[in-house]
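Everything below concerns the one structure shown next.
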Amino acid sequence: MKYIFGCFLSAILGGLIVTSMNSPSRGWISISEAQGPPPKLTGPRILPPTPLRPPGSNPPVAKDSKLPDRKEVFNARGLTPEEEVNVSVYEKLNKSVAHITTKSTKTDGFFLLEYDTEGAGSGAIIDNAGHILTNYHVIEDAQEVNVTLFNGKSYPATFVGADAINDIAVIKIEEDPSVLSPVVMTDSSQLKVGQRVFAIGNPFGLERTMTCGIISSLNRSLKLRGNRTIKSIIQIDAAVNPGNSGGPLLNSHGQLIGINTAIASKTGQSSGVGFAIPSNLVARVVPQLLTHGHMIHPEIGIQRVYETEQGLLVAKLTPGGPAEKAGIRGPKILRQRRGLIVIERIDRGAADLIVAVDQKQVKSASDFLDYIESKKPGDTVTVTVLRGKEQTPTKVSVTLTASHPSR
Numbered sequence: 001m002k003y004i005f006g007c008f009l010s011a012i013l014g015g016l017i018v019t020s021m022n023s024p025s026r027g028w029i030s031i032s033e034a035q036g037p038p039p040k041l042t043g044p045r046i047l048p049p050t051p052l053r054p055p056g057s058n059p060p061v062a063k064d065s066k067l068p069d070r071k072e073v074f075n076a077r078g079l080t081p082e083e084e085v086n087v088s089v090y091e092k093l094n095k096s097v098a099h100i101t102t103k104s105t106k107t108d109g110f111f112l113l114e115y116d117t118e119g120a121g122s123g124a125i126i127d128n129a130g131h132i133l134t135n136y137h138v139i140e141d142a143q144e145v146n147v148t149l150f151n152g153k154s155y156p157a158t159f160v161g162a163d164a165i166n167d168i169a170v171i172k173i174e175e176d177p178s179v180l181s182p183v184v185m186t187d188s189s190q191l192k193v194g195q196r197v198f199a200i201g202n203p204f205g206l207e208r209t210m211t212c213g214i215i216s217s218l219n220r221s222l223k224l225r226g227n228r229t230i231k232s233i234i235q236i237d238a239a240v241n242p243g244n245s246g247g248p249l250l251n252s253h254g255q256l257i258g259i260n261t262a263i264a265s266k267t268g269q270s271s272g273v274g275f276a277i278p279s280n281l282v283a284r285v286v287p288q289l290l291t292h293g294h295m296i297h298p299e300i301g302i303q304r305v306y307e308t309e310q311g312l313l314v315a316k317l318t319p320g321g322p323a324e325k326a327g328i329r330g331p332k333i334l335r336q337r338r339g340l341i342v343i344e345r346i347d348r349g350a351a352d353l354i355v356a357v358d359q360k361q362v363k364s365a366s367d368f369l370d371y372i373e374s375k376k377p378g379d380t381v382t383v384t385v386l387r388g389k390e391q392t393p394t395k396v397s398v399t400l401t402a403s404h405p406s407r
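Going by the UniProt record's numbering, the letters in the sequence shown line up with residues 1 to 407, in that order.
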């Protein structure tokens, strides 16, 4: 009986609670109010979480959207067009690159003790006869030169010729022509800033390493040997490190456009500024190295000049040279006797002041040398000089002769 009474009481209380919730009283929201506009809420807006896609599913794509087909991005080898160029250049040319190692003996200047030194560099095979192009500074003063090819085989190399002024040298190995893969040169005068380039060499002894970049600038000036400046140097940002010297600089067609020769770095390692000798200069020098063993430079017989605001003051002439024979005057040596002592004084005011060559004004020694280098032995140039206290313009015809071997 008590149980039945409890159930009846619970039913009455439940009905009263439901009735109070449906009644429009303070603190409760009626059904009619719930159907009206929602109340304004303050605070940050929270978005529902984005459902995760199951693995392997693709996001929905609109019908009008176009995604590149895999066949349009990758070729049959799974490479992009840019990667295909890089890989093709390396596959085509890495067998043309030689690893050069040298051994030499140097003497300590204080104790007069001899010690052995080793060096390393790179080179490029230029024909099926086994001739290898490299930098002169790679093999300079070397008593022993060895070359390692792509097949891991090493060969003793013999010296063929060198042009120290332009830092170009040729050595030779003996090998069957079928093993050799010569490079092909192209015209470096057609190069453009921004063009993609590739350097293959042996930095730090790591054989046939390729780096790539662009041509940063053209016609840079680079001082090499004896204050000789080459103005047609190629500047690149491809990484060039010790061991890359003498290695080929290539374009996207796998053609040789230069020889990597130096870097601008205080640490001796790549800083993004490298230099290469252009192929057109190489093409002019190499035939003479193969024929004569040295570069035959035109010689005017002026060994040293002083640069002034007016022109080039002759400081030293080659005795019996072309300039002296033609009548160009250098400084005079004046001797005065004072008792038993003879005092010598150099009168530089007696020397000629060069202002032009073939009516082309020259202001620096580099300008003067560049113009002379553009000529051939046997050519005649007209040198305009200012002479004497009155600085009278005088024209002197000088016939150039052949220079002595540069090594």
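For each residue, glycine too, the CB sits at the ideal point set by N, CA and C.
When the Cα atoms are used, Ile277 and Asn260 turn out to be separated by approximately 7 angstroms. When C-alpha distances from Asn166 are compared across Gly301, Ser104, Glu175 and His137, the shortest belongs to His137.
DSSP places Asp347 in the uninterrupted beta strand (DSSP E) bounded by Ile341 to Asp347. In this structure Ala365 touches Glu307 by the C-beta definition: roughly 6 angstroms separates them, less than 8 angstroms. By a beta-carbon distance limit of 8 angstroms, Val183 contacts Ile125. Their separation comes to about 7 angstroms. Check the Cα spacing between Ile257 and each of Ala199, Lys92 and Asn241: the tightest is with Ala199. Of all alpha-carbon atoms in Gln143, Glu140, Ala98 and Asp116, the one lying nearest the alpha-carbon of Gly123 is that of Ala98.
Residue range Thr209 to Lys223 is occupied by the beta strand (DSSP E) that includes Ser221, with no alpha helix (DSSP H) assigned at that position. Non-local beta-carbon contacts of Ser217 in its own chain, meaning distances under 7 angstroms to residues more than five positions away in sequence, involve Val193 and Gln235 in chain order. By the criterion of a C-beta distance shorter than 7 angstroms, Lys360 is surrounded in its chain by Tyr371, once the five residues flanking it on both sides are discounted. Contact check for Ile132 against Ile168 fails: the beta carbons are separated by 7 angstroms or more. Counting along the chain, Ser154 sits inside the beta strand (DSSP E) bounded by residues Ser154 to Pro156.
Per DSSP, the beta bridge partners of Gln336 are Ile343.
Considering only Leu400, Thr382 and Met210, the residue with the shortest C-alpha distance to His297 is Leu400. For Ala98, the enclosing beta strand (DSSP E) covers residues Val97 to Thr107. A Cβ-Cβ contact shorter than 7 angstroms links Val147 with Ile173.
Rounded to whole angstroms, the gap between the alpha carbons of Leu317 and Val240 is 40 angstroms.
Fully contained in the region 108–183 are the following alpha helix (DSSP H) runs of length 4 or more, in chain order: 136–139.
When rounded, the separation of the alpha-carbon atoms in His294 and Glu91 is 33 angstroms.
DSSP, read as helix, strand or coil, puts Asn260 in strand. Taking all protein chains shown into account, Asp163 has 16 or more neighbouring C-beta atoms within 10 Å of its C-beta and is therefore buried. Our two residues, Glu140 and Thr105, have alpha carbons roughly 12 angstroms apart in a direct line. Judged by their CB atoms, Leu369 and Leu313 are not nearer to each other than the 7 angstroms cut-off. Nearest to Arg196 by C-alpha distance, out of Pro177, Phe159, Leu206 and Asp237, is Asp237. Looking from the CA of Val160, the closest CA among Ala323, Val89 and Thr291 belongs to Thr291. Taking all protein chains shown into account, Ala142 has 16 or more neighbouring C-beta atoms within 10 Å of its C-beta and is therefore buried. Here Ala402 has Ile296 and Pro377 as same chain residues with Cβ atoms under 6 angstroms from its own Cβ, once five neighbours each way along the sequence are excluded. Following the DSSP letters along the chain, one finds Arg387 inside the beta strand (DSSP E) bounded by residues Thr380 to Arg387. According to the DSSP assignment, Pro81 belongs to the alpha helix (DSSP H) that extends over Pro81 to Leu93. Counting along the chain, Ile354 sits inside the beta strand (DSSP E) bounded by residues Leu353 to Val357.
Val314 sits in a strand when the DSSP states are folded into three classes.
Beyond the five residues adjoining it in sequence on each side, Gln336 comes within less than 6 angstroms, by CB distance, of Ile343 in the same chain, given in chain order. Assignment of beta-bridge partners to Lys360 by DSSP yields Val357. Straight-line spacing of the CA atoms in Pro331 and Ile300 works out to 17 angstroms.
With a threshold of 16 other beta carbon atoms within 10 Å, Thr392 falls short and is exposed.
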